[in-house]
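Numbering (my numbering), first residue to last: 209 to 519.
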C-alpha cells in the first residue's frame, strides 16, 4: 500500500543484459502495477551510461514513482542505487521495487532505505581501511603504487579511465537536466549560446529549491554535446545560430524561455533582462516596456510555449 499523498504517475524501467533477451516478463509485471509508461533497456547492468534509464529519470516529475520489477534491474551497485534514489528525492519523486521491500512512498520502505544507506557507508569505510592497509604493506615491500598498465601506457587501461570519467560527467549533468534541457531545446538553434546561458543563469538565481550550476557557453556546449553523443537529444541543437536580425517569432520564444526559466520574474524584470541582453523591441527600440513584454508573453501563451511539456 502506497502513501495516499503520492498522486503522481508510475514510470516503469525494465532492463535485460543482451539483445537476445526480452523484457516481456518485467514489462507485464510493471503494467500490472499500473505503470503508464515503461522504458526498456538492452544493456549490461555494469554499464555506467544507460540511455533508457537516463530518459526515465528525465521523464520523472514531482510526485511520480520510478518502478522496477527487481532491484538488480536498476542498480549496478548499492552506491548506484542510493545515487539514483537521491536524484529522485531531489525532484520530489519516489522509487519502488516490486520484488523487494524498497518503496520510498511508505515509512517501511524509507526505513529499509536507511538501513541500506548505513550498510553502504560501512562498506565504504571497510574498503578504505583495506586499501590503506594494502598500500602500507606494499610500501614496506618496496612496491610502487598506482596502476601498472597505466604506467606502461596500455591503451585499453587508458580508455577505461576515459570512459569512467565520461560516465561520471554524464551522471552529474543528468541530475539537473530537467532544469536546463527544456530551455536549450526551446531556444536552440534560433538563439545564441550566450542568450541561452543568460536565461539559465537567471533560472539558477530563482528559488528552484535545487542547487543549479553556474553556466558558461563552454560548459553548456559540453553538456549538450554529451547528450547528443548519448543519442538523448537532437544534433540540430548544436547548429550555428541564425543571424541576430529582429524576428518577432524569435523574440516570442526568447521571452517564453526567460519566463519558463524563472516564472517569478515580473514584466519589468523580464524587460530589464532583455535590455541587458541587448535585444531590440519588435519596433527596433532599445527600451522594453512591460506592455511589450506582455504582448510577447500573450503570443507565447497562445502558442503553448509556456507549457511545461512543450520541451
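Idealized CB from N, CA, C, for every residue including glycine.
Give every residue of the same chain whose Cβ lies closer than 8 Å to the Cβ of residue i, excluding the five residues on either side of it in the sequence, and list them in chain order.
i: residue 245; result: 217, 219, 220 and 267
i: residue 432; result: 392, 396, 441, 445 and 446
i: residue 399; result: 449, 458, 461, 462 and 465
Hey, out of the options, whose CA is closest to residue i's CA?
i: residue 492; options: 386, 473 and 459; result: 459
i: residue 222; options: 497, 315 and 276; result: 276
i: residue 427; options: 499, 410, 264 and 402; result: 402
i: residue 243; options: 466, 304, 224 and 379; result: 304
i: residue 471; options: 241, 513 and 315; result: 513
i: residue 468; options: 494, 509, 436 and 500; result: 509
Spatial neighbours of residue i within its chain, please: C-beta separation below 6 Å, excluding the five flanking residues on both sides.
i: residue 239; result: none
i: residue 225; result: 252
i: residue 515; result: none
My output table needs one value for residue i: the three-state DSSP class, helix, strand or coil.
i: residue 379; result: helix
i: residue 465; result: helix
i: residue 273; result: strand
i: residue 218; result: strand
i: residue 244; result: coil
i: residue 224; result: strand
i: residue 510; result: helix
i: residue 211; result: Note on residue 211: pLDDT 45, under 50, position unreliable in the model; the coordinate value appears next. Three-state DSSP puts residue 211 in coil, outside helix and strand.
i: residue 471; result: coil
i: residue 308; result: coil
i: residue 447; result: coil
i: residue 438; result: coil
i: residue 249; result: strand
Rounded to whole angstroms, how far is the Cβ of residue i from the Cβ of residue j, which I believe are closer than 8 Å?
i: residue 250; j: residue 273; result: Going by Cβ atoms, the distance from residue 250 to residue 273 rounds to 24 Å, so no, they are not a contact pair.
I'd like the list of long-range same chain contacts for residue i, defined as Cβ closer than 7 Å, with 5 residues on each side in sequence excluded.
i: residue 381; result: 431 and 434
i: residue 429; result: 401
Review point. At a cut of 8 Å, does the segment 440-449 reach the segment 386-394 through at least three beta carbon pairs?
Key: Using a Cβ-Cβ distance cut-off of 8 Å, the segment 440-449 and the segment 386-394 are in contact, since at least three pairs of beta carbons, one from each stretch, lie closer than that value.
Check your understanding: Counting pairs of Cβ atoms below 8 Å between the segment 396-407 and the segment 468-487, do you hit three or more?
Key -> These segments touch.
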